[in-house]
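Q:
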Amino acid sequence: MPPPPELGDPSEVRPFMDPYGRAKTVRIGKWRWPPPKDDNDTSFLQFKLKQRRKHSQELNEVDGGVEWEEFEIPEQAPVTSTPVAKPVEQQLQRSPVKTPKPSVGSVGKLRISSEMKYKLEMVTANHSLRSTSKSNQRPPAPHIAPHHSPPGPAKLDTDRKLLLQQQLAGRWGSVESVEPRAVTKEDRSEVQQTNIVRSQQVERMEKAPMGGVRPPPPPVTPHQHPTPSRSSSFYSHSNMAPIQPVTRDVYDQSMFTISTSHSDAVDMEESSEFLGTVSDPVPIVPSPPEATPATKLHPPSTAAHFTYNRVAWKLNVRKEVFSPKETVSSPLVLHLLFCQIVNDCLHKQTPRINREERNEMLQLLERFGVTAANYQSDKHKASTKRAVVDMARHWLTYFARIFPITGGNHYPDVQMLAVSHLGIRLARQEGTHLRVIHTISLEEIADTMVSKGGGSLQLVLSSGERFPLYTPRARQLDAMLGAFTREAIGAANTTINRELHQARHEERTRPADHKGWQPDMRLITPVRDSPQQHQQPVVADDGKHSLLQFAMHHFRQSPEKFEMLKTPDGNISGSLKVVQGHKKGGDWTWKEQVDLVKYSPSPIAESLLKLDTELNQLAVECFECAMRYMGDLPTTPDLTEVKCVYTILMHCHKHEPLRDEVYSQLMKQTTSNKSESCQRGWRLLSIVAAYFTCSDTLRPFLLKYLETAAYDKRRAFHGTANVCLSNLRKTLRYGGRKNVPSVEEVTAVSAGRNSKRQLYRLPGGSETVINTKSTTVVQDVIQEMCALINVHEPMEMEEFSLYCIVEGDAFTMPLAREEYILDVTTELHKNQQVFYLIFCRSVWHFPLRLDCQLYVQVLFNQIAPDYLEGLLLVLPGEQLPQDVIYEVARLAALLHRAADMTHAPAMKETKFLLPKPALTQRDIKPAQWVQLVQSNWPAVQPLHSIQAKAQLLELLSKWPLFGSSFFAVKRGGDQQILALNRNGVHFLHLITHETLSSVPYSEVISTRKVRAESGTMYLELKCGNLFQQRVARLQTDQAHEITRLIRQYMSLHRQRLTVDH
1 MPPPPELGDP SEVRPFMDPY GRAKTVRIGK WRWPPPKDDN DTSFLQFKLK QRRKHSQELN
61 EVDGGVEWEE FEIPEQAPVT STPVAKPVEQ QLQRSPVKTP KPSVGSVGKL RISSEMKYKL
121 EMVTANHSLR STSKSNQRPP APHIAPHHSP PGPAKLDTDR KLLLQQQLAG RWGSVESVEP
181 RAVTKEDRSE VQQTNIVRSQ QVERMEKAPM GGVRPPPPPV TPHQHPTPSR SSSFYSHSNM
241 APIQPVTRDV YDQSMFTIST SHSDAVDMEE SSEFLGTVSD PVPIVPSPPE ATPATKLHPP
301 STAAHFTYNR VAWKLNVRKE VFSPKETVSS PLVLHLLFCQ IVNDCLHKQT PRINREERNE
361 MLQLLERFGV TAANYQSDKH KASTKRAVVD MARHWLTYFA RIFPITGGNH YPDVQMLAVS
421 HLGIRLARQE GTHLRVIHTI SLEEIADTMV SKGGGSLQLV LSSGERFPLY TPRARQLDAM
481 LGAFTREAIG AANTTINREL HQARHEERTR PADHKGWQPD MRLITPVRDS PQQHQQPVVA
541 DDGKHSLLQF AMHHFRQSPE KFEMLKTPDG NISGSLKVVQ GHKKGGDWTW KEQVDLVKYS
601 PSPIAESLLK LDTELNQLAV ECFECAMRYM GDLPTTPDLT EVKCVYTILM HCHKHEPLRD
661 EVYSQLMKQT TSNKSESCQR GWRLLSIVAA YFTCSDTLRP FLLKYLETAA YDKRRAFHGT
721 ANVCLSNLRK TLRYGGRKNV PSVEEVTAVS AGRNSKRQLY RLPGGSETVI NTKSTTVVQD
781 VIQEMCALIN VHEPMEMEEF SLYCIVEGDA FTMPLAREEY ILDVTTELHK NQQVFYLIFC
841 RSVWHFPLRL DCQLYVQVLF NQIAPDYLEG LLLVLPGEQL PQDVIYEVAR LAALLHRAAD
901 MTHAPAMKET KFLLPKPALT QRDIKPAQWV QLVQSNWPAV QPLHSIQAKA QLLELLSKWP
961 LFGSSFFAVK RGGDQQILAL NRNGVHFLHL ITHETLSSVP YSEVISTRKV RAESGTMYLE
1021 LKCGNLFQQR VARLQTDQAH EITRLIRQYM SLHRQRLTVD H
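The numbering of the sequence shown is UniProt numbering, which starts it at 1 and goes up by one.
The following block contains the structure:
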């Protein structure tokens, strides 16, 4: 008897199993499975008895042939029963030959006819994954005589017989025929449960009575997944999972497994009478192909490969990136982040953390007592963990998603792009860490555009600059940047607009008995609604530091009108009491408050801010000059646009309180200005922002005003506003311009030209042009020039300086890094002096690099004069050592080839290739020098000019005085040479260049410049330690340059010690 059905709806528990634990199948060929349900049947036994009676009645009927047909049973009960095919016309008798009972999970020996063999070969002959036969030819069908006793069973070959047994047992076949794929736990459980059902059914077949009429073969069912074990005692009938039909599209033909789970007898013998009238085999219907998952980033391999199965994987979940507004509030999340950061800093090297960041974190962990043994414990305070997480969130590339990119011509060295909550960073791999080359904040990104093929992404900044980036993950990068920029601006605009409308509504609906009050009004700047507000980065106006808020606090009329209540967070939220009597006939309205900071087409009668009488008149004059410059008032011969600019700059330079007044006036005149003068107002603001800072009170309001206008591409003058913002930030950092602009500069800025093409020179006479803006400082030019010679490390950039050489001056000084370029050039042009701006290396702390041709060219042209002057040579006893003689001869040959000469140097040429001390050597005659130089020429001649220069630098770099800066000084009445290099301060003999004394930078305490009454300049160098000190007094006209170089060397020395430790 089959096991009793389980209680409940079977379709809910096992949707692909019937109540008796048998697998449901699908329709294949002429079979339809499962059969329609019969509501009249109440049980499986009644259904089976009904089918037996129907079967016995149809056996007496005579039919010309046997045909597999469909049958339908009226649905009576929600019980799924087994299919019973229409029987044949003749009675099938069980074979009298007894066979031993097969064991559980196996099939007994079968005796089949030749026709059965033919039919099976028709089905399996061409199945490449099942059949072991290499022949695809179909065997001829044997002649079968009807109503004739079946002949003896034909013996199949061993392989096909084994295959047939496996098929009848419901197995896949050989192990080699199974697709090599990993079997999941669900697959194994499903197959094991299926095998349990088959084992139970075979047991029932063995116990079934041997007599009776045998039914036709069961329907063909879809194949099941194989498993090494046919049955398992661990699983039971009650915990079987649903078994679903599975199809595979990798097979050319469908694979059928003949199920014996519904047979009533074990010994089954196929006779010729049964198959005699079947004209065609059961049609093979190919299974529909399974939807194979496809991925563009990781396509499946088509080549033969090996794989692992049942591997114990270990997945580490990490926090990769923070979103712009994401916060950490959960104690568990905070603890996990804390453990991740500490583990990365203490246990392993990750390229996301550079050396400086790791050292800072280690110092913080040491201060809090966090070690590798206790960081996972719960003894650390939440404040400690939050301090660690906050520090890591400000690291460059730790919490960031990294994309592989190529920077193109803008950034050829860029290899990766890291997207974080702070912005995006362009980086490259250097050793064991990532070096950030360029940083772009999320607020600077105005738009992103992906190419049609999805292979490149173009970043459009709010300044108008475009950065093409090439990456195969351009679409993912675009989606992430879009989400981050939208989240950065947030939903603040919606909240602000809602509060604004609410405030205006309250003003209109204010009760009459509350005159003079504006209840609960929040002062904010209106923001236009736009459907594109989530597509372009716009600085969200959060209601803080708006121009209107500053006006309500500090404008002249505001304190007379309003009595304010300020909330702790800085918002003007609450009640604004209008002082009665200042306006007759009504109360002050919202419009009048906004008009305080809106464009005015007429001059003002008094200053906007509260100023005294004298400054009030100057403020009114500045406002009139601004209107004339903008075009709101006509200019006069005495007040041209340049004169107006000079007047404003002069007043602001002399009277510092006027700076806030002028800034307030220009913000007022560029707010809600629909006329053409608005553009010139922004240009005037850019000039003022390049010269003067503002007070700490106005600074947050001014920055917020400029940021809002600069980062919103919907505004007409966002580009000029971005220039104003950049100029103001430079002024806040470097102090602002010192000299008034030239007429040409004012005219150019007024016409919209913000940069000047300035010529810069390199050692050797090479020239380059750099666009120099009004706020460009020396540091900006040095960075630009260092990028040309492939120097990117900030510390290494400090070795280079920009010199201004004025024609007629004996000595020169490098320009200070915070000095404005146009301040220098404007003054020199005003004095009609001829000058050159030369970029060269002033400090030689880092080792020589020969990876850039321009770098080699610059250093060669800078070192060659010192070498030919003889400053690099050391002459013990005023004689050249023997080994130095051969090096000098080779250097002469390299110099000749570096000049792109192709012939051997002659006598006249050789004397220009040797240093001056070598020409005065009495032991070596000129002819001998020529012979020595020409002997080195064959090895040098094949070299390229740049290769010869590189070899010369490499050879000189081994000399002790290489990379030194030389100065003539008088020490104690003796003439000496002062040499400054990476090893310290050296005093050299005037002729032999032997070192007389040295002072390392670790012993240099201070330097001081002293000018005597006679005008002689002295340099006092204090050396030693805290217990013993000495002062060396040097007489030199280059005291300023020596002091600057010593300070520069000491700074690099301290930085290098910090990095090394």
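The C-beta atom is built at its ideal place from N, Cα and C for all residues, glycine as well.
Taking Cβ positions, are residue 692 and residue 735 nearer each other than 7 Å?
A: Walking along the sequence shown from the start, residue 692 turns up at place 692. Walking along the sequence shown from the start, residue 735 turns up at place 735. No. Outside cutoff.
Q: Please return the same chain residues whose Cβ sits closer than 8 Å to the Cβ of residue 702, not counting the five positions on each side in sequence.
A: In the sequence shown, the residue the question calls residue 702 occupies position 702. So the list reads 663, 667, 694, 728, once near-sequence residues are dropped.
Q: Which runs of the beta strand (DSSP E) fall wholly inside the segment 796-882 and span at least 3 residues, in chain order?
A: 800-806, 835-841
Q: Tell me whether residue 776 is buried or exposed, calling it buried when 16 or more other Cβ atoms sit within 10 Å of its Cβ.
A: Your numbering for residue 776 matches position 776 in the sequence shown. The residue in question, residue 776, is buried, as its Cβ has 16 or more Cβ neighbours within 10 Å.
Q: Looking at the secondary structure, which residues open and close the beta strand (DSSP E) in which residue 630 lies?
A: Your numbering for residue 630 matches position 630 in the sequence shown. Run containing residue 630: none in the beta strand (DSSP E); it sits in the alpha helix (DSSP H), 613-630.
Q: Roughly how far, in whole angstroms, is the beta-carbon of residue 949 from the beta-carbon of residue 926, given that I think they are within contact range, below 8 Å?
A: Here the question's residue 949 lines up with position 949 in the sequence shown. Here the question's residue 926 lines up with position 926 in the sequence shown. Not confirmed; about 25 Å, so no contact.
Q: What residue range does the alpha helix (DSSP H) around residue 786 cover?
A: Numbered from its first residue, the sequence shown carries residue 786 at position 786. It spans 778-788 - the alpha helix (DSSP H) in which residue 786 sits, taken as one unbroken run.
Q: Please classify residue 449 as buried or exposed, where buried requires at least 16 other C-beta atoms within 10 Å of its C-beta.
A: As a working note, residue 449 is residue 449 in the sequence shown. Classification for residue 449: exposed.
Q: Which term fits residue 617, buried or exposed, when burial requires 16 or more other beta carbons within 10 angstroms of its beta carbon?
A: Within the sequence shown, the letter at position 617 stands for residue 617. It is exposed - the Cβ of residue 617 has fewer than 16 other Cβ atoms within 10 Å.
Q: Does residue 1041 pass the burial test, meaning 16 or more other C-beta atoms within 10 Å, or should it be called exposed?
A: Reading the sequence shown from its first residue, position 1041 is the one you call residue 1041. Buried, because 16 or more other Cβ atoms sit within 10 Å of the Cβ of residue 1041.
Q: Considering only C-alpha positions, which residue in the set 711, 604, 685 is nearest to residue 461?
A: The sequence position of residue 461 within the sequence shown is 461, counting from 1. The shortest C-alpha separation from residue 461 is found at 711.
Q: For residue 743, is the classification buried or exposed, using 16 other Cβ atoms within 10 angstroms of its Cβ as the cut-off for buried?
A: In the sequence shown, residue 743 corresponds to position 743, counting from 1. The residue is exposed, with fewer than 16 neighbouring Cβ atoms inside 10 Å.
Q: Can you name the start and end residues of the alpha helix (DSSP H) that residue 981 belongs to?
A: Residue mapping note: residue 981 aligns to position 981 of the sequence shown, counting from 1. Where residue 981 is concerned, there is no enclosing alpha helix (DSSP H), although the beta strand (DSSP E) it sits in stretches over 974-981.
Q: Whole angstroms are fine: how far does the CA of residue 966 sit from the CA of residue 429?
A: Within the sequence shown, residue 429 is the residue found at index 429, counting from 1. Within the sequence shown, residue 966 is the residue found at index 966, counting from 1. Going by the C-alpha atoms only, they are around 38 Å apart.
Q: When you compare only the Cα positions, how much space is there between residue 679 and residue 862?
A: Here residue 679 is taken as the residue at index 679 of the sequence shown, counted from 1. Here residue 862 is taken as the residue at index 862 of the sequence shown, counted from 1. Their backbone Cα atoms lie some 47 Å apart in a straight line.
Q: Would you list, in sequence order, the uninterrupted alpha helix (DSSP H) runs of no fewer than 4 residues that lie entirely inside the segment 404-486?
A: none
Q: I need the boundaries of the alpha helix (DSSP H) containing residue 649, first residue and last residue.
A: As a position in the sequence shown, residue 649 is number 649, starting the count at 1. Looking at the DSSP string, the run of the alpha helix (DSSP H) that includes residue 649 is 641-654.
Q: My parser needs the beta strand (DSSP E) runs of 3 or more residues fully inside the segment 965-1024; what are they?
A: 965-971, 974-981, 984-988, 995-999, 1004-1011, 1017-1024
Q: Is the beta carbon of residue 399 less than 7 Å from the beta carbon of residue 377?
A: Residue numbering aside, residue 399 sits at position 399 when the sequence shown is read from its first letter. Residue numbering aside, residue 377 sits at position 377 when the sequence shown is read from its first letter. Result no, Cβ atoms of residue 399 and residue 377 do not sit closer than 7 Å.
Q: What span of residues does the beta strand (DSSP E) with residue 357 cover, start to end?
A: On the sequence shown, residue 357 is found 357 positions in, with the first residue counted as 1. Segment 355-368 is the alpha helix (DSSP H) holding residue 357; no beta strand (DSSP E) there.
Q: Thinking C-alpha only, which one of 351, 343, 997, 649 is nearest residue 980?
A: Here residue 980 corresponds to residue number 980 of the sequence shown, with the count starting at 1. The candidate whose alpha carbon is nearest that of residue 980 is 997.
Q: Kindly indicate which residue of 815, 809, 921, 796 has the alpha-carbon position closest to the one of residue 847.
A: Here residue 847 is taken as the residue at index 847 of the sequence shown, counted from 1. Taking only the C-alpha atoms, the option nearest residue 847 is 796.
Q: Residue 768 bridges to which residues according to DSSP?
A: Position 768 of the sequence shown, counted from the start, is the residue given in the question as residue 768. Bridge partners of residue 768: 760.
Q: Are the CB atoms of residue 334 and residue 328 within a distance shorter than 7 Å?
A: For the purposes of this step, residue 328 is taken as the residue at position 328 of the sequence shown. For the purposes of this step, residue 334 is taken as the residue at position 334 of the sequence shown. Annotated as proximal: residue 328 and residue 334, with beta-carbon spacing under 7 Å.
Q: Can you tell me whether DSSP reads residue 933 as helix, strand or coil?
A: Position 933 of the sequence shown holds residue 933. In the structure shown, residue 933 sits in a helix (DSSP, three-state: H, G or I).
Q: If you count every other CB in all the chains shown that lies within 10 Å of the CB of residue 905, and 16 or more means buried, which is it?
A: As a first step, residue 905 must be located in the sequence shown, where it is residue number 905. Buried.
Q: With DSSP collapsed to three states, give me the class of residue 755.
A: Here the question's residue 755 lines up with position 755 in the sequence shown. The answer is strand: DSSP assigns residue 755 an E or B state.
Q: For residue 314, which beta-bridge partners are listed by DSSP?
A: Translated into the one-based positions of the sequence shown, residue 314 becomes position 314. Looking at the DSSP assignment, residue 314 forms no beta bridge with any residue, so it has no partner.
Q: Is the segment 714-731 touching the segment 456-474, taking contact as three or more C-beta pairs under 8 Å?
A: yes
Q: Residue 425 and residue 321 - do their beta-carbons sit closer together than 7 Å?
A: Here residue 321 corresponds to residue number 321 of the sequence shown, with the count starting at 1. Here residue 425 corresponds to residue number 425 of the sequence shown, with the count starting at 1. Cβ atoms of residue 321 and residue 425: not closer than 7 Å.
Q: Does DSSP put residue 1029 in a helix, a strand or coil?
A: In the sequence shown, the residue the question calls residue 1029 occupies position 1029. In the structure shown, residue 1029 sits in a strand (DSSP, three-state: E or B).
Q: Helix, strand or coil for residue 402? Go by DSSP, reduced to three states.
A: Within the sequence shown, residue 402 is the residue found at index 402, counting from 1. Note: residue 402 maps to strand in three-state DSSP.
Q: Under a Cβ-count criterion, where at least 16 other Cβ atoms within 10 Å of its own Cβ denotes burial, should residue 607 be classed as buried or exposed?
A: Locating residue 607 in the sequence shown gives position 607, counting from the first residue. Per the 10 Å Cβ criterion, buried.
Q: In this structure, how does DSSP classify residue 693 when only helix, strand and coil are distinguished?
A: Counted from its first residue, the sequence shown places residue 693 at position 693. If DSSP states are grouped into helix, strand and coil, residue 693 belongs with coil.
Q: Rounded C-beta distance between residue 858 and residue 850? I'm assuming under 8 Å.
A: Sequence index remark: in the sequence shown, residue 858 carries index 858 (1-based). Sequence index remark: in the sequence shown, residue 850 carries index 850 (1-based). Separation of the CB atoms of residue 858 and residue 850 is rounded to 12 Å, and the pair is thereby denied contact status at 8 Å.
Q: Assign residue 1073 to one of two classes, buried (16 or more other C-beta atoms within 10 Å of its C-beta) or exposed (fewer than that).
A: Residue numbering for the chain in the displayed model covers 1 to 1061; residue 1073 lies beyond these limits and cannot be assessed.
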